[in-house]
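*Asks:* In mature numbering (1 follows the signal peptide of the UniProt record, and there is no 0), the protein residues as written are -26 to -1, 1 to 254.
Using N, Cα and C, we set each Cβ at its ideal position, and we do this for glycine too.
1) Spell out a yes or no on whether the stretch 140 to 147 and the stretch 175 to 192 are touching, meaning 3 or more CB-CB pairs, one atom from each, closer than 8 Å.
2) From this set, 97, 89 and 100, which residue's C-alpha is nearest residue 117's C-alpha?
3) Tell me the residue span of the beta strand (DSSP E) that contains residue 45.
4) By how many angstroms is the C-alpha of residue 173 removed from the C-alpha of residue 163?
5) Of the choices 17, 200 and 144, whose alpha-carbon is the least far from that of residue 26?
6) At the level of alpha carbons, what is the spacing between residue 154 and residue 114?
7) Tell me, please, whether the stretch 17 to 37 touches the stretch 216 to 229 by the rule of three or more beta-carbon pairs shorter than 8 Å.
8) Can you find the residues in the same chain that come closer than 6 Å, C-beta to C-beta, to residue 245, ignoring five residues on each side of it along the sequence?
9) What's the gap between the Cα of residue 93 and the Cα of residue 185?
10) Verify whether the separation of the beta carbon atoms of residue 243 and residue 169 is less than 8 Å.
11) How many Å lie between residue 101 and residue 73 at the Cα?
12) What's the call for residue 54, buried or exposed, on a 16-neighbour Cβ count within 10 Å?
13) Which full runs of the beta strand (DSSP E) of 3+ residues lie inside the stretch 150 to 221, going along the chain?
14) On a CA-only basis, which of 12, 128 and 124 is nearest residue 44? Give me that one, please.
15) Taking a contact to mean a Cβ-Cβ separation below 8 Å, would you say residue 231 touches residue 106 in this structure?
16) At the level of alpha carbons, what is the spacing between residue 251 and residue 80?
17) Exposed or buried, residue 125, counting other C-beta atoms within 10 Å across all chains shown (16 or more means buried)?
18) With DSSP collapsed to three states, give me the class of residue 21.
19) Just to confirm my understanding: we take residue 217, look at its own chain, exclude 5 residues before and 5 after, and list those with CB closer than 7 Å. What are they?
20) Any idea if residue 19 is buried or exposed, counting beta-carbon neighbours within 10 angstroms, 16 or more meaning buried?
21) In angstroms with no decimal places, state the Cα-to-Cα distance between residue 69 and residue 188.
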């Protein structure tokens, strides 16, 4: 009887676990390449990791798998942290041409531009996904303006915000963070700076032979520029010292949110990323 009872209990808990997993899978929304928009919002203050993140994003969107991806990078989307900005303009121009916004230069203009783009997507039946590669202050501002202009939009069903960093949340204005968490479909995933937690760990310890995966002169220029600028500003004039980059490594950990949004969670580390999105 004891063994039978134990077996019944085991089966019961297994059944409950399956139900939970099924519910999670049923609730999981997927990015729709045909109608959705991806916003990649990078604070660029004071860590240089967003430079490498921009290069990682350029690598991903240049892969044939994401040739039709509708995306918009925005830089300067920082919060209340102190310290100097890391100028990414040379890299952004090289990587994305005119398809990016500079919130550091003009916050209000960038907010209005995002609202216009978001409204067009939602009006056509699409959703908007935000890779919060920084703080949520910028998101709060454009979501609030969007709601003021379009009060009938169901923000919690149409705007999906993904954050991976406790520090990013702590450097966001508390009221704005609470607003974004309450108003949007807010996802908090495991930190992309570490491996083995279910989120792609896109920060290397030591050098990565990324050149062996990329046979495209433009992408090579993009990565070399991101590395050069990263080394130029890393830890300088009071900026955050990214020790992994100082040791010759790469840090595009904020791209873990993009991987989550696009369903690329099988990636374990930086080598896996280059293996999956290599250009030959």
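*Replies:* Per the coordinate set shown:
1) The stretch 140 to 147 vs the stretch 175 to 192: no contact.
2) Checking every option, the nearest Cα to that of residue 117 belongs to 89.
3) Per DSSP, residue 45 belongs to the beta strand (DSSP E) from 45 to 49.
4) C-alpha separation (whole angstroms): 7 Å.
5) Nearest C-alpha to residue 26: 200.
6) Near 6 Å, if we compare the C-alpha coordinates of residue 114 and residue 154.
7) Taking 8 Å as the limit for Cβ pairs, the verdict is that the stretch 216 to 229 does touch the stretch 17 to 37.
8) If we look at residue 245 and ignore the five residues flanking it on each side, it has no Cβ neighbours.
9) Cα-Cα distance, rounded: 39 Å.
10) In this structure, residue 169 lies closer than 8 Å to residue 243 by Cβ.
11) Those two C-alpha atoms are separated by around 19 Å.
12) Classification for residue 54: exposed.
13) Listed in chain order, they are 159 to 162.
14) Residue 12 is the option with its Cα nearest to residue 44.
15) The answer is yes: Cβ separation under 8 Å.
16) Looking at the two C-alpha atoms, the distance is approximately 33 Å.
17) Exposed is the call here.
18) Residue 21 sits in coil when the DSSP states are folded into three classes, being neither helix nor strand.
19) Same-chain partners within the cutoff: there are none.
20) Residue 19 comes out buried.
21) Take the alpha-carbon of residue 69 and the one of residue 188: they are about 15 Å apart.
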